[in-house]
Ligand code: MN3
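Quick look at the structure:
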């Protein structure tokens, strides 16, 4: 059972996969950007090669996810902010954290596509090549380890809770580790492209500063794992960039003071 938007995404994904396969289009940028305004938001390159996360996440999934899906969120976001006076000058975080203060016609497009842009940028930076320093395994940072132990009991219990949130998210969405305003850590889940920064959209109990996020839309894993979301989640732990997570926790602590 899919929402209309995830169904569309899936059709776009399979079409894009066929295209990429036949044309060997990996080295060429996506052509889908042509009709959309070119700014104010733009797609940054992945912070690593598309095949860097193999065997856990395959290169073709990364190419389509980044070059097609993420690009489409940016194109649609650019269209939305151009259509509403004054929105072009706002930062992405201003836009998505204050959705309920935007003109009504901009709220849904910014929620879906601004959320999509923010979430995917965050997701790419949450991962790194397996075997690298601090990638996979357990976090070495003392503050992060202590926060996890305090909130969940131990690292394995945190992993189980996060995995459960990711597995049980019905349809499309995200699982998150967040730092709440009081500094405590929590696991939450959001539908579609919502995220824990979205005031007035996400329940206050699920709001906080994202430290780690996992995309459980089918487009994130279907080519390699098909319907086996739990296998994708289990493999994903091998590419989690713990130093990035620790740096976010540190930054969240400074912001709170
Ligand atoms: Mn995605």
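Residue numbers (my numbering): 15 to 271. Heads up, the beta-carbon is just placed ideally off N, CA and C, and yes, glycines get one too.
Less than 8 Å between the C-beta atoms of residue 169 and residue 175, yes or no? As a working note, residue 169 is residue 155 in the chain shown. As a working note, residue 175 is residue 161 in the chain shown. Not in contact: residue 169 and residue 175 (Cβ atoms no closer than 8 Å).
For residue 193, name the three-state secondary structure that DSSP assigns. The residue you call residue 193 lines up with position 179 of the chain shown. Of the three classes helix, strand and coil, the one that applies to residue 193 here is strand, per DSSP.
Assign residue 254 to one of three DSSP states: helix, strand, or coil. Within the chain shown, numbered from 1, the residue matching residue 254 stands at position 240. Here residue 254 sits in strand by DSSP.
Let me know the secondary structure DSSP gives residue 260 once reduced to three states. Position 246 of the chain shown, counted from the start, is the residue given in the question as residue 260. DSSP places residue 260 in helix when its eight states are reduced to three.
Comparing C-alpha positions only, which one of 245, 235, 199 sits nearest to residue 177? In the chain shown, counting from the first residue as 1, residue 177 sits at position 163. Ranking the options by Cα distance to residue 177, first place goes to 245.
Compute the minimum distance between the beta carbon of residue 277 and the heavy atoms of the ligand MN3, and state whether it is under 7 Å. The displayed coordinates of the chain run from 15 to 271. Any statement about residue 277 would go beyond what the structure contains.
Just to confirm before moving on: does the CB-CB distance between residue 203 and residue 179 stay below 8 Å? Here residue 203 refers to the residue found at position 189 when the chain shown is read from its first residue. Here residue 179 refers to the residue found at position 165 when the chain shown is read from its first residue. Cβ atoms of residue 203 and residue 179: closer than 8 Å.
Which same chain residues end up closer than 8 Å to residue 126 when comparing Cβ atoms and leaving out the 5 residues on each side of it in sequence? By one-based count along the chain shown, residue 126 stands at place 112. Excluding residues within five positions, the ones whose Cβ falls inside 8 Å are 19, 87, 90, 206, 207.
Inter-residue CB distance, residue 110 and residue 212 (contact presumed, cutoff 8 Å): Residue mapping note: residue 110 aligns to position 96 of the chain shown, counting from 1. Residue mapping note: residue 212 aligns to position 198 of the chain shown, counting from 1. With a Cβ gap of about 6 Å, residue 110 and residue 212 count as contacting.
State the DSSP-derived secondary structure class of residue 138, mapped to helix, strand or coil. As a first step, residue 138 is located in the chain shown; it is residue number 124 there, counting from the start. Residue state, collapsed to three classes: helix.
Can you tell me whether DSSP reads residue 159 as helix, strand or coil? The count along the chain shown starts at 1 and reaches residue 159 at position 145. In the structure shown, residue 159 sits in a helix (DSSP, three-state: H, G or I).
Three-state secondary structure (DSSP) of residue 198: Locating residue 198 in the chain shown gives position 184, counting from the first residue. Residue 198 falls in the coil class under three-state DSSP.
Considering only heavy atoms of the ligand MN3, does any lie closer than 7 Å to the CB of residue 80? The residue given as residue 80 occupies position 66 in the chain shown. Outside the cutoff, so no.
Quick check on this structure: which residue in 144, 105, 233, 259 has the alpha carbon closest to the alpha carbon of residue 63? Counting from one through the chain shown, the residue named residue 63 turns up at place 49. Cα-wise, what sits closest to residue 63 is 144.
To which residues of the same chain is residue 92 closer than 8 Å at the C-beta, ignoring the five residues directly before and after it? Here residue 92 is taken as the residue at index 78 of the chain shown, counted from 1. Here the set comprises 50, 51, 52, 53, 54, 55.
Could you check where the beta strand (DSSP E) with residue 290 kicks off and where it finishes? For residue 290 there is no data in the structure shown, the boundaries of the chain being 15 and 271.
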